[in-house]
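Everything below concerns the one structure shown next.
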Amino acid sequence: MPAKPTRHAPPLDMNLLVTLDALLSEGSVVGAAQRLNLSAPAMSRQLARIRHLLGDPVLVRAGRGLVPTPRAEALRERLRGLVAEAEALVRGDEIDLLRLERTFVIRANDGFVGTFGAALASLAAQEAPLVRLRFAHQDKEDVEALREGRIDADVGVIGAMGPEIRLQALFHDRFVGVVRPGHPLAGEVTPERFAAFPHVSVSRRGRFSGPIDVALAALGLKRFVAIAVANFNDALAIVRTSDHVAAVPARLTEPARAGLHSFDLPVKTDALAVSLAWHPRFDADPAHRWLRAALRTACSSRVPGQTEPAG
Numbered sequence: 004m005p006a007k008p009t010r011h012a013p014p015l016d017m018n019l020l021v022t023l024d025a026l027l028s029e030g031s032v033v034g035a036a037q038r039l040n041l042s043a044p045a046m047s048r049q050l051a052r053i054r055h056l057l058g059d060p061v062l063v064r065a066g067r068g069l070v071p072t073p074r075a076e077a078l079r080e081r082l083r084g085l086v087a088e089a090e091a092l093v094r095g096d097e098i099d100l101l102r103l104e105r106t107f108v109i110r111a112n113d114g115f116v117g118t119f120g121a122a123l124a125s126l127a128a129q130e131a132p133l134v135r136l137r138f139a140h141q142d143k144e145d146v147e148a149l150r151e152g153r154i155d156a157d158v159g160v161i162g163a164m165g166p167e168i169r170l171q172a173l174f175h176d177r178f179v180g181v182v183r184p185g186h187p188l189a190g191e192v193t194p195e196r197f198a199a200f201p202h203v204s205v206s207r208r209g210r211f212s213g214p215i216d217v218a219l220a221a222l223g224l225k226r227f228v229a230i231a232v233a234n235f236n237d238a239l240a241i242v243r244t245s246d247h248v249a250a251v252p253a254r255l256t257e258p259a260r261a262g263l264h265s266f267d268l269p270v271k272t273d274a275l276a277v278s279l280a281w282h283p284r285f286d287a288d289p290a291h292r293w294l295r296a297a298l299r300t301a302c303s304s305r306v307p308g309q310t311e312p313a314g
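Just so we're aligned: the sequence shown equals residues 4 to 314 in the working numbering.
Here you go:
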């Protein structure tokens, strides 16, 4: 019986790996096309080739969006690492910032974007004019977004993450109280007077209590938190036209507090460390090194002397 002919795998097109990485990161044909500067029909043709190569649908429709198949999900992290290593290999240690075309996704809260976003954008325009910055909403602290390459950097008050995640302090902040002009707390502020007014809490998880409540309880006091919002801008909008009180980070809300009355809290709270987190696969990536340096520079432009040593 003649031997069956050996079936050879088709030669691998590295561009398909880059395309698949973009599709899995964006979860959208249109988003991946924009990321790679392709047309949507061209991206659809690339997706068809990937499906044929893997023998798997890769992305399937779920509601109005696309979700990865189990096979694609299993490939996601290894694929992101391979693409990042290949990009670093091609670029080497030297990089021409004036010609660098890349979109960096930075997860940060509204306070950081409002305070430091313009300085970062100005720096990018001067040093890397073809770089684009996408600020992602900080709805939750998800380490998988860093691991899977869905975001390039995470900025904020960051809790425990995976042991491999790099973390560097950018600056320290403190809470201040904020009320509308003419509010009774625009005068004398005591713990008792502070606790007597309704408060607005800022919490991504919708919590109505926090460190301030612990500090008040130690004095035998309790405040009434009437409203919980997810971001600082909403809290400041509420206090601007009401008798409510908000406690917000001083540096992160400096521009947004214009026209409002700010005061030192009458209770002690811990300082906040605003940090930058990234995945170690970007350690040697010269473009990502530029991003980290740009973030430090943008922060130091508004917080002189408070940025930490480079990393």
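Beta carbons: idealized from backbone N, C-alpha and C, even for Gly.
Small disclaimer: the values here were computed from a predicted structure and weren't measured.
Contact annotation: residue 176 and residue 252 have beta-carbon atoms nearer than 8 Å. Annotation: the segment 130-178 contains the following complete segments of the beta strand (DSSP E) (minimum length 3 residues), in chain order: 135-140, 156-159, 169-176.
Secondary structure in the segment 191-267: the beta strand (DSSP E) runs of 3 residues or longer, each lying completely within the stretch, are 201-205, 227-232, 248-252, 264-267 in chain order. Remark: C-beta atoms of residue 106 and residue 255 do not approach each other more closely than 8 Å.
In this structure, the beta-carbon distance from residue 214 to residue 273 falls below 8 Å.
Just so you know, the alpha carbons of residue 287 and residue 86 end up roughly 14 Å apart. DSSP lists no bridge partner for residue 44. Rounded to the nearest whole angstrom, the C-alpha separation of residue 124 and residue 294 is 11 Å. Counting other Cβ atoms within 10 Å of its Cβ, residue 269 reaches 16 or more and is therefore classed as buried. As computed with DSSP, residue 108 is found in a beta bridge with 137. When secondary structure is reduced to three states using DSSP, residue 182 falls in the strand class.
Note: residue 278 is bridge-paired with 159, 172 in the DSSP secondary-structure output. The alpha-carbon of residue 182 is positioned some 33 Å away from that of residue 126. In the structure shown, residue 65 falls within a strand segment according to DSSP collapsed to helix, strand and coil.
Proximity to residue 292 across 202, 139, 279 peaks at 279, based on C-alpha coordinates.
The beta carbons of residue 159 and residue 234 sit no closer together than 8 Å. The bridge partners DSSP lists for residue 70 are 63.
The Cβ atoms of residue 264 and residue 189 lie closer than 8 Å to each other.
When Cβ pairs closer than 8 Å are counted between the two stretches, the segment 227-243 is seen not to touch the segment 165-176, the count staying below three. Rounded to the nearest angstrom, the gap between the Cα atoms of residue 80 and residue 154 is 13 Å. In terms of Cβ geometry, residue 20 and residue 82 form a close pair [threshold 8 Å]. For residue 29, the three-state secondary structure derived from DSSP is helix. Minimum Cα-Cα distance from residue 246 among the listed residues 208, 88, 203, 76 corresponds to 203.
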